[in-house]
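Asker:
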Amino acid sequence: MSFAPMAAAIDWLDAYRAGDIDAILKMYADDAVVHCGCVGTKKITGKEGLRAYWVDRLREYPAFDLYNLQPTYVGTLISYVSRVGVVSAILTFNASGGIESLTCGFSKVSSERGRA
Numbered sequence: 038m039s040f041a042p043m044a045a046a047i048d049w050l051d052a053y054r055a056g057d058i059d060a061i062l063k064m065y066a067d068d069a070v071v072h073c074g075c076v077g078t079k080k081i082t083g084k085e086g087l088r089a090y091w092v093d094r095l096r097e098y099p100a101f102d103l104y105n106l107q108p109t110y111v112g113t114l115i116s117y118v119s120r121v122g123v124v125s126a127i128l129t130f131n132a133s134g135g136i137e138s139l140t141c142g143f144s145k146v147s148s149e150r151g152r153a
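Plus 37 on top of the position in the sequence shown (first one is 1) and you've got the numbering used here.
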């Protein structure tokens with residue numbers, strides 16, 4: 038059975054939208070790194086750091102609808118609508134299918150929403 042990164046990205050978004058922190062955390066590799074550029078720049082590592090990040094993320098930036106999904110040369114790009122705009126995330130996976138890195142930030146679409 039082969040690993041499908043795009044399906045894994047959808048599973049990640051589904052868990053995020055459901056607010057299922059345990060399911061989200063199970064998707065990460067033990068040595069995962071999150072680079073969040075949504076509000077400032079944060080680098081999150083370790084299980085405790087990831088849990089704290091996701092507790093805050095679920096409270097402050099819940100995810101709603103899927104906006105875009107596509108493969109990239111480094112991983113899978115998934116964009117979703119949050120209450121403050123469109124967030125784009127690139128997920129990279131290890132050989133076992135665990136998320137080894139997440140890099141996220143507000144999409145250019147978000148910054149252009151308020152312009153006429």
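All residues carry an ideal CB built from backbone N, CA and C; glycine is no exception.
1) Does DSSP put D57 in a helix, in a strand, or in coil?
2) Got a sec, what are the start and stop residues for the beta strand (DSSP E) V124 sits in?
3) Suppose the cutoff is 6 Å on Cβ atoms and the five residues either side in sequence are ignored; what does the same chain contact list for P42 look like?
4) When you compare only the Cα positions, how much space is there between K155 and F143?
5) What are the boundary residues of the beta strand (DSSP E) that V92 is part of?
6) Which same chain residues, not among the five before or five after Y104, have their C-beta less than 6 Å away from its C-beta?
7) Helix, strand or coil: which one does DSSP assign to A69?
8) Do you know offhand how far C75's Cα is from F40's?
9) What's the gap between the Cα of A69 and the Cα of F101?
Answerer: Taking the coordinates as given:
1) coil
2) 122 to 130
3) T113, F130
4) A question about residue 155 goes unanswered here, because the residues of the chain that appear run from 38 up to 153.
5) Run containing V92: none in the beta strand (DSSP E); it sits in the alpha helix (DSSP H), 84 to 97.
6) S116, Y117, V118, V123
7) strand
8) 29 Å
9) 24 Å
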